[in-house]
Every structure is written in C-alpha cells, then in structure tokens.
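Engineer:
Protein chains: 4
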Amino acid sequence: MEKKTLLTHCSDEPGLISKITNICYKHQLNIIHNSEFVDNTTSQFFMRTELEGYFNDETLLADLDQALPEGALHQLVNSGRKRIVILVTKESHCLGDILMKNYDGSLDVEIAAVVGNYDKLQALTERFDIPYHCVSHEGLTRDQHDQKVLEAVNQYQPDYLVLAKYMRILTPEFVNQYPHRIINIHHSFLPAFIGAKPYQQAYDRGVKIIGATAHFVTSNLDEGPIIKQDVIPVDHTFSAQDMAQAGRDVEKNVLSKALGKVLNDHVFVEGNKTIIL
Amino acid sequence: MEKKTLLTHCSDEPGLISKITNICYKHQLNIIHNSEFVDNTTSQFFMRTELEGYFNDETLLADLDQALPEGALHQLVNSGRKRIVILVTKESHCLGDILMKNYDGSLDVEIAAVVGNYDKLQALTERFDIPYHCVSHEGLTRDQHDQKVLEAVNQYQPDYLVLAKYMRILTPEFVNQYPHRIINIHHSFLPAFIGAKPYQQAYDRGVKIIGATAHFVTSNLDEGPIIKQDVIPVDHTFSAQDMAQAGRDVEKNVLSKALGKVLNDHVFVEGNKTIIL
Amino acid sequence: MEKKTLLTHCSDEPGLISKITNICYKHQLNIIHNSEFVDNTTSQFFMRTELEGYFNDETLLADLDQALPEGALHQLVNSGRKRIVILVTKESHCLGDILMKNYDGSLDVEIAAVVGNYDKLQALTERFDIPYHCVSHEGLTRDQHDQKVLEAVNQYQPDYLVLAKYMRILTPEFVNQYPHRIINIHHSFLPAFIGAKPYQQAYDRGVKIIGATAHFVTSNLDEGPIIKQDVIPVDHTFSAQDMAQAGRDVEKNVLSKALGKVLNDHVFVEGNKTIIL
Amino acid sequence: MEKKTLLTHCSDEPGLISKITNICYKHQLNIIHNSEFVDNTTSQFFMRTELEGYFNDETLLADLDQALPEGALHQLVNSGRKRIVILVTKESHCLGDILMKNYDGSLDVEIAAVVGNYDKLQALTERFDIPYHCVSHEGLTRDQHDQKVLEAVNQYQPDYLVLAKYMRILTPEFVNQYPHRIINIHHSFLPAFIGAKPYQQAYDRGVKIIGATAHFVTSNLDEGPIIKQDVIPVDHTFSAQDMAQAGRDVEKNVLSKALGKVLNDHVFVEGNKTIIL
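Protein chains in written order, with the UniProt record's numbering: chain X, 1 to 277; chain D, 1 to 277; chain A, 1 to 277; chain Z, 1 to 277.
Right under this line is the structure:
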C-alpha cells in the first residue's frame, strides 16, 4: 500500500466534496484525513485529501478531470521526503536548527546541499555530512551572482529552496525559476519593518513585541504569501542587538514550522495568501 | 433556506465521508463546512457538517441510518441560539464576561437565568435584565440544596448549564440530569492542583505558570472531559492572592472560548476526551 | 503610615541609587519595592521607589533636589486611586471590560464619566451608575467638537483620559492639554496597519497574526509611545469581520493591562518610548 | 575594569538597599543593574547587583559583613563563562540545542564534556569537538552507576550539571554533591504528570496543553525548585507520540532559557522555590 496526497483547487460549486470522495471510494482508496476550505469572497474551493491504497494515478486523475469544473487544478503528491537546498549567509541559528531537526528526525527532509555567499557556515554544514557550496558575491553583479547560485542549486533539482537568513535579494529571474517554491524567513512581523535592519527599526519605534515571518518569495520583496508568523515580548531593557539575539529563537521556530507545513503538502497559494489545510 | 449542523459519530469504515456527503448532495443540501476526524486508537469516526438548504429531517436521517454502520449516532442540530442557565457563587468576573459578551453580540446565546447560592451577584445580573434566583445552601444538606437548584434551573429547560465559578460540588444525581451539558471552569491547569484552593497550591509549589481549565462536569470531580485550557506566566513576586487575581482573566477567557465551541456544536465527547471539529 | 511612589528621571551618574535610597532611609521611609533602569544609549537614569512611612514631602523633595544632578525630574505620587474619563464611540467591549473590572475590583480606578460621540453606550454606562455625556460630532468642525468634548471632560479634572475605541482623531490642541495622559487602544500591531480599517488591511495582506497596541496619544496619529502590545493567531478561515471580532478580546486585554501599569505609576516616557518599571 | 555580580540574601530590615549600594559606592564600583525582592511571607531579602570597577573582594565582603544582619549570605561572582557537564541518554534535541546555541554564541558557556549512559549521542557530541563519556548502566546497581558517572563528571569540576533528557533517577548521594547545581528538564508541566511517561499520561487525560519544566534537582524526584516552565497547545488529533514529538521544542526552549538565567547568576533558591532577579 502507498500513501499519496490529493490536492484540489477549483471554483466552488455544490457537491464537490461528495464527487471527489466518491471517486476515491470507487478507486478503493481509503481517506486517512480530509480537509477543505471555501473562500467565500473568491468562491474558490480547496481540498487536501490524504489517501492510502493501491493507486492508478492516470485513471484517478482522469476521473477527477471529468468530475471537476473546468480549470480545476489537482495534484497527486507522493507522501515521501522532499528534497531541499538551503541558502545562507553568515548566521547559523536557522541552518543549525534545520540540520539538528533533520538529524533527530523531527524534520523529515533530504537536505541536498547548503549554498552560502560566505564560507562561514561551511564547517558546520560539513559536520552533518552535507555538501556546502561557497558562491561569493564579491566582484559580481547581482545577475551574475544569482546565475552562479542557480547553477549550484539546480544540479540538485530540489523541490524547495529555503532561505535560512540569506541576506541578499534574489532577482526576479531567479525567483521565477522556483515559483512558490522558495521559502524565506524575514526577521520581523511583516508588514511591520519591511526592508533592512528590522530590529533596529523595532528598537527605534519602541515596540513591545518582535516577531518573524516565513513566506514564499515572489518578485516583490517582503510581499510574498505569508505561511507562518510568531512573536515574542520585549521591553525597554532590550537594545537593538538584544532584540536581534532574542529574535533568533522565534526566527528559527517560525521557519521550521513553516517548512513542516510546506514539506507535508499542507499549503495552497491563492493570490497573495496561503491556505493551510 | 435554513442552516443546520449534522453531527456523526460511528465506528470507522471505508467510504464514510463519501456516503454522508453523497446523501447531503442528493438532498440538495450545500455543505458550507465539513470537518472529520478518525481516532485511530479506538477506530471511531467523527464528522461535523454545516449544511444549508431546505431540510426534510426525517428522510435525511432515515437515509443516513441506512448508510451508516450499526450503532451510529447522528444528530441534526439547528444552528440557532442555545439557551443556558448560569450558576454562580460570589465572584463576578466570569459571569460579567458572559453578560458583557452576550450584550455586545460576541457570544450569541440566550441567558435564561442566573442561579446563585448567595445574593452577591443579583444586582449585576439584574442590570442586564436577566432573572436571578438566590438559592442559599445554608441549613440544607447537599442533596436538598441541589434539589432546589435543579428546580430553579429546570423551569428554563436550558440546553446547557454553565458553572461560572460556582464553588460547590454537584451531586451525581444533579450531574446525571444534564449529561455532557454542564460546563465548569476550574481555576487551575488540570490535572495539576485538583480540588480546593488551587492558587494556594500553585503558590506553595512555586510554579512559574498558572492556568484554567473548562471541562464538562461528570460525577468525578475535576475529572470530566476537558474542552479548553490556557495559562499565563507568574513569578516569585506573586502571592497566592496575586495569582488568584491574575488568574481571573485566563479563567474568563478559557470559559468563554469553551462556550463558543460548545454552543456552536463543535464539541464531541468520547470517553474522557473531547474532539473539537 | 502612608504609601507613596517616588519617580526619578535624570541623567545617569555614579552613586544615584545609593544617594536616593540613603535619603529615603534618613527620612525613615521603608522601601517596599525599588526598580531602576539606565538607558545606555541616552545615559538616562530611571528609578521607581515604593515607599511606606510618615512623609514630609517638602523636605524629602528638597533633599533629593540637592543630591540629584541638575535638571532631574522627581515626583512623589500618592498611591491612591486615579480618576479617569473614558471616551467612546459605538463599540462596547473595551468600555464594558473596564466597567466590569472596576466593578469587581481588579482595576482600582475612579471612573468619573464616559463621553461618547454617539448615545449607543449610554445605557450600558448608566447601568454602572456612571454619568454619560453624549457629545455628537454632527454638524461640527473637528475643532468645535473637540472643544465641546474637552468641556465635558475637564469638569471632572481627570488624571488620565482613556480612548476605549474612540474612533475620532483628536486635534493637537486637545492632546496638548493632557500630555502623556491620554491612552489609546489601536486595533493593530503597530506600526503595521497604521490608520483606518486595520483589520481589512490585515485581511488583504494575509497575515497569520493580528494584534492590538495601547499607546499614549501624541499629536502624531498612531505614533505615540507604546505601552503594551499583544497578538492572537488567525488563519485563512478568518474574514476581515472575523478578525475584527476575534481582535476584540486582545484589544480589551491590552488596554486594561496598559491601564494597570499607567494607573499604578509604573510608566515613564522618554522620547517616543516607554520605560515600565 | 572588571565585572562581577553581588548576590545578597538575608532577613529583611529597613535600609538594606541603602547600606549595600553605599558600600558599593564607597568602593567606587558602578552599579550597572540592580534588582531586589522582599518575600513578605518569609521576611527574606534578595538582591542582585551587577558591578563594574576595580574590585578588592576581601574588603568589600568584609564591609558587607559588618553592615548586613547576622547570617546574611553574600557572594561575589565573576561574570565570566561557567563550566557545565551535560548528562544525556538517547534523545538528541536538548543536547543539540545547547551545542548549537553554544556554537553560535547565544548560550555563552564552556561545555566541558557530555556523559551518557548510551553511546547514541557520541557522534553528535564529537562533531562539536567536545569529549563524550559513555558510562553504561548495564549490569550495575544504581549506586555503582552513579559512582562511575560522578567520577566522569568530577574530573571537569563543573559549575553546573545539566540533565538534557537524562532518563535515570540520581541517588541522593549524587545530588548532594551538587546542591542546587543540577538542572533537569522534565517533559511535563509539573506538578501535573509527575514520574514516568508524562506524554502518555497527558494523552490519557485528554489535556489541551502540554508543557515542560526546568528545575533544580533535589533528592525528591520532580519536586525541586522550578526555574522555568512553558506550554504549547495540543488537540484531539495528537497521539501520545505526536505529543512527545511536539513537546521536544518546548523542552529545549525551556531548558535553554533556564540555563540562561542560572549561568548568568539570576537565580536564588529559597526553600522549594526560585527567585529570579
């Protein structure tokens, strides 16, 4: 027996749950878990169906094609491990957390490689027997650097790219190669403190809470669909540096929770938002 | 068009979602929201289906009877307001919160009456034009008092009883008249600090967090199925009295969140646990 | 014996704690609690000292004057109840929470009056035997209306004004009459979603957390020193209206916590920030 | 210039803050941060004073001796790194978190060695160039095993021992060698679910929140002074195993926060409680 996840996204109409679950039943597939959501403002229907059984992908998808409204998107995803490449700069806490969670099995993913624009995190990465590519940006234009990073990344054919405190802005050309497949952690509670030095901005404004945001990367900086956010309290005793220090825990926790959702096929994207089923 | 909620609880078998949603579809009922859960340790299936359309309750339930495994429980609940009676002693914060949330519409419920074993909360209740019954326990046995409280309660035929800091233990005879229909707020994070004076117990133990637990009342004190729990941090500067004071907010928030789930038919009970769909 | 709180704010120099506590000791005043903070970026010293004993305010302040650096601010505040006036528009949840907490003693304050630009909350206010002034803004310029509100407010000589979802912007002339004495609750996690309809803005951006901010009002809208912030999680199932509904609880909790700090003389203001000792 | 922290614990009397800060002032020591607490139920005074300057420890402590009430405890602690030994069994998440935080500098401590009763975590430890001692308990009595562990530990003369999911109970003889210097992480919100398999207990009770508790180890199992606690929400979809999995994050976060407090000399112990200044 295999396990697969059926992801359906189409315009809403009566009877969709019944039609889809009927087809699964006829194919003798057992539904382990089913979640659906209708966005009433856009009349869009989303359903995530965890299935178990013997799959004939072709006939199953053909049956669904016939039953669902025109333009329906559906995907039958293997419930196995995904492959990721992680992009980093100099800070180790997010990378370290992913490495450690992968080590102890709480984040079940294949880390194909780590690519950094400095060599600072090479030793840490290699301690976990994962290849590290240092692609320095020095002396290169942004396009040139992105091109070299892409070459390093593409050889692994990853399902997703993870920007684990990668402190450079990707060109639209780069982003378009991995649409909704690049996950970034931004060190603020977006949309507050967009752009550079969010902790300094937070300190200057005198906020009492700081946060982090994991989101898909689109060509608009810090504007992509948000997957997960969380915050921690701060007070007047925190300098901007203290905030950055304290924020590390929330950054890594938010990133790894977002990864858990994405890597297990829970996340749909609709416009600038995510639906997490 | 009407709105009703179908609650299904039966032993698990393949095709249940398909069968139930098919029947709804045949009855031309639109599924607004559907949630299901299978408890794999007990092989029990739970489903909550919000429906919209023109209902023929009799034929719908008959169709379901035929389709579902023997012994299946199903209920078609009107999505209207429920009627509650609130039991109190002397503390006003939980009662006040329910009165105020009912006043501003954020807790949509009919408060038929408040019954207290003191008259301390009579004035507050009557400010909101709700009848108050003072049933003093003085000079009465527990059975006699419970009998008088039951008489005061039963005339309103409430859907649920809410113990909003009612500081007396109900007899099993009382509890059995409202099985899984009495909601209590206990002022600790159960199962820690069962019984009397939980804040004093928490102080004596030196805990760094205090909490509250909303649960259905069964004949075993503080042992009923838990609906909602939450906590707040405390530290060495808190006396037992400070903890009690700080705990009021978490008590009232937990109680009103639990009520929101129960009154909108989200809560199933299985053994000593709740499934909240 | 009396209780008073000494608030000291001056430029930092060695020996300040020693000097101030010495003077208190010589005056035979017992220190119940002492907290201090030095802002290293601005070299400012802040200290809050709860004292108990028989006070000779004049000689105590004179002794402090002599000991502290030039330009030092110090204040000896009676630890009694403060008097507030609450400004409202149509929403009842923040007002109701303050009324109820005042009723049960958990917010120990004298509510001198409630002033609203509609009469919607008159009945609720009067149930708690508090005078309500309806000052309609219809047909008035902003200056004219503010003038009439000020007249209604000033007759009570309040220590603080509380904007409990008062949905109008105060003129600088109004604000300047109560510098750092007007507390507002803004229904977003500032500085995100400044201005109108923050819940709609939050919905449009697809955030996964919404919040509330209590701050002192200055003449720059939504830019005053922040006293308290908190958040709650939301997800794709929340409409803008659902967010507004869910946000009510966090708004009222944040406002009443901020009030607790302000009314017990814990809050210093330095530039655009608060120091809470 | 040096930095040291003065920790004072004595019975309360008037003028203590003044006396202590005076002495510091006379010694030309600058107070960077001062916190005090009086436990009114026990009339005990606690003060933590961060000092900067040129220290003459002997005369400073002698001056304090003369000024403070008889039986006063005071300690002048170097603000440098502490040395710890970590005890483990098989689970890597707490150890991994400490190793990683030490690696990136957010937990500034010298990890002298890791001692485990299995060899499972040897490779991970050695990747961070830290010595690992495997001291198997097989075929040994508890006394014999503890004796061997003590030998491995004592050679490093650690300031503190950290039980990072060390799944064995220490003998009182062991504990007495490191009074208030052994920190344990218990995988429940104590005092709920004392003893073995707390997640299974939590599952069986149907709680809606699970937690973790960091505490000093005393000879009474799970009864030592609590340093830090935190919780996360769970629901009916969590098996006991899912709870254990989800609990890992809260365990490691609670442990590392407790360590941060202990290693920076913020924690006083009074009876069965901690005062954290």
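Glycine included, every Cβ here is placed at the ideal spot set by N, Cα and C.
Excluding the 5 residues flanking residue 252/D on each side, which residues of the same chain have their C-beta closer than 7 Å to its C-beta?
Structural biologist: 93, 94, 97, listed in sequence order.
Engineer: Thinking residue 115/A and residue 84/A are a contact (beta carbons under 8 Å), I'd like their distance in whole angstroms, please.
Structural biologist: Incorrect: roughly 11 Å between the Cβ atoms, too far for contact.
Engineer: So, does the CB of residue 158/A fall closer than 8 Å to a CB anywhere in chain Z?
Structural biologist: Taking Cβ atoms only, chain Z never reaches closer than 8 Å to residue 158/A, which makes this a no.
Engineer: Determine, for residue 93/D, whether the minimum Cβ-Cβ distance to residues of chain A falls below 8 Å.
Structural biologist: At least one chain A Cβ lies under 8 Å of residue 93/D.
Engineer: If you pair each beta-carbon of the region 153-167 of chain Z with each one of the region 72-87 of chain Z, do three or more pairs fall below 8 Å?
Structural biologist: As far as the Cβ criterion goes, the region 153-167 of chain Z touches the region 72-87 of chain Z, which means the pair count is three or higher.
Engineer: Taking C-beta pairs closer than 7 Å, name the residues in chain Z that residue 17/A reaches, listed in chain order.
Structural biologist: The answer, in chain order, is 21, 31, 34.
Engineer: Any beta-carbon of chain A closer than 8 Å to the one on residue 54/Z?
Structural biologist: Not an interface residue.
Engineer: Using beta carbons (cut-off 8 Å, strictly below), is residue 245/D in contact with chain A?
Structural biologist: Residue 245/D counts as touching chain A.
Engineer: Would residue 238/A and residue 211/A qualify as a contact pair, given that the criterion is a beta-carbon distance under 8 Å?
Structural biologist: Not closer than 8 Å, so no.
Engineer: When burial is assigned at 16 or more other CB atoms within 10 Å of the CB, is residue 18/A buried or exposed?
Structural biologist: Buried.
Engineer: Could you tell me if residue 141/A is buried or exposed, where buried requires 16 or more neighbouring beta carbons within 10 angstroms of its beta carbon?
Structural biologist: Exposed, since its Cβ has fewer than 16 Cβ neighbours within 10 Å.
Engineer: Would you mind telling me which residues of chain D sit closer than 8 Å to residue 260/Z, beta carbon to beta carbon, in chain order?
Structural biologist: Ordered by position in chain D, no residue passes the 8 Å Cβ test against residue 260/Z, which lies about 14 Å from the chain.
Engineer: Output, in sequence order along the chain, the residues in the region 156-180 of chain X whose CB is closer than 8 Å to any CB in chain D.
Structural biologist: Listed by position, the residues of the region 156-180 of chain X near chain D (Cβ gap below 8 Å) amount to none.
Engineer: Among 222/A, 148/A, 127/A, which has the Cα closest to the Cα of residue 135/A?
Structural biologist: Checked all of 222/A, 148/A, 127/A; the closest Cα to residue 135/A is 148/A.
Engineer: Answer yes or no: do residue 240/Z and residue 177/Z have a C-beta to C-beta separation smaller than 8 Å?
Structural biologist: No, the Cβ-Cβ distance between residue 240/Z and residue 177/Z is not below 8 Å.
Engineer: Within 10 Å of its beta-carbon, does residue 144/D have 16 or more other beta-carbons around it, so buried, or fewer, so exposed?
Structural biologist: Per the 10 Å Cβ criterion, exposed.
Engineer: In this structure, what does DSSP give as the bridge partners for residue 233/D?
Structural biologist: For residue 233/D, which the question treats as bridged, DSSP gives the partners 209/D.
Engineer: Compute the Euclidean distance between the alpha carbons of residue 10/A and residue 170/A, then round it to the nearest angstrom.
Structural biologist: Looking at the two C-alpha atoms, the distance is approximately 31 Å.
Engineer: On the DSSP letters alone, give me the boundaries of the beta strand (DSSP E) that residue 132/Z sits inside.
Structural biologist: Run containing residue 132/Z: 132-134, per the beta strand (DSSP E) assignment.
Engineer: Using a C-beta to C-beta distance shorter than 8 Å, which residues of chain D count as neighbours of residue 192/Z?
Structural biologist: Within 8 Å Cβ-Cβ: 189, 190, 191, 192.
Engineer: State the beta-bridge partners of residue 268/Z as determined by DSSP.
Structural biologist: According to DSSP, residue 268/Z bridges with 275/Z.
Engineer: With 8 Å as the threshold, decide whether the Cβ of residue 208/A is near any Cβ in chain X.
Structural biologist: So yes, residue 208/A belongs to the interface.
Engineer: State whether the region 194-209 of chain A contacts the region 255-268 of chain X, with contact taken as three or more CB pairs (one from each stretch) at a distance under 8 Å.
Structural biologist: No: fewer than three Cβ pairs fall under 8 Å.
Engineer: What do you reckon, are the CB atoms on residue 25/A and residue 260/Z nearer than 8 Å?
Structural biologist: No; because the gap between Cβ atoms is not below 8 Å, this pair is not in contact.
Engineer: Under three-state DSSP, which class holds residue 228/A?
Structural biologist: Strand, per DSSP.
Engineer: Pull up the distance between the alpha-carbon of residue 55/D and that of residue 3/D, whole angstroms please.
Structural biologist: Going by the C-alpha atoms only, they are around 9 Å apart.
Engineer: Using the three-state DSSP reduction, which class does residue 145/A fall into: helix, strand or coil?
Structural biologist: In this structure, residue 145/A counts as helix in the three-state DSSP scheme.
Engineer: For residue 187/D and residue 277/Z, what's the separation of their Cα atoms in angstroms?
Structural biologist: Taking the straight line from one Cα to the other gives about 28 Å.
Engineer: Write down the C-beta distance between residue 226/Z and residue 207/D rounded to the nearest angstrom, noting that I regard them as a contact closer than 8 Å.
Structural biologist: Going by Cβ atoms, the distance from residue 226/Z to residue 207/D rounds to 6 Å, so yes, they are a contact pair.
Engineer: Quick one: is residue 263/A near chain D, going by C-beta distance under 8 Å?
Structural biologist: No, because no Cβ of chain D sits closer than 8 Å to the Cβ of residue 263/A.
Engineer: Closer than 9 Å by beta-carbon distance: list the chain Z residues that pair up with residue 279/X, in chain order.
Structural biologist: The shown model of chain X, from 1 to 277, leaves out residue 279/X, and the question about it has no answer.
Engineer: Could you give the residue range of the alpha helix (DSSP H) that holds residue 59/X?
Structural biologist: Note, residue 59/X: alpha helix (DSSP H), 57-67.
Engineer: Alpha carbons only, please: which of 156/Z, 244/Z, 234/Z is nearest the one belonging to residue 132/Z?
Structural biologist: Ranking the options by Cα distance to residue 132/Z, first place goes to 156/Z.
Engineer: Please compile the residues from chain A whose C-beta is within a distance smaller than 9 Å of the C-beta of residue 139/D.
Structural biologist: By Cβ distance, chain A contributes nothing, its closest Cβ being about 28 Å from residue 139/D, past 9 Å.
Engineer: So, at 8 Å on beta carbons, what are the nonlocal neighbours of residue 32/Z in its own chain, with the 5 sequence-adjacent residues on each side left out?
Structural biologist: So the list reads 3, 50, 51, 52, once near-sequence residues are dropped.
Engineer: In chain order, which continuous runs of the beta strand (DSSP E) of length 3 or greater are located wholly inside the region 113-197 of chain D?
Structural biologist: With a minimum length of 3 residues, the continuous beta strand (DSSP E) runs that stay inside the region 113-197 of chain D are 132-134, 160-163, 182-186.
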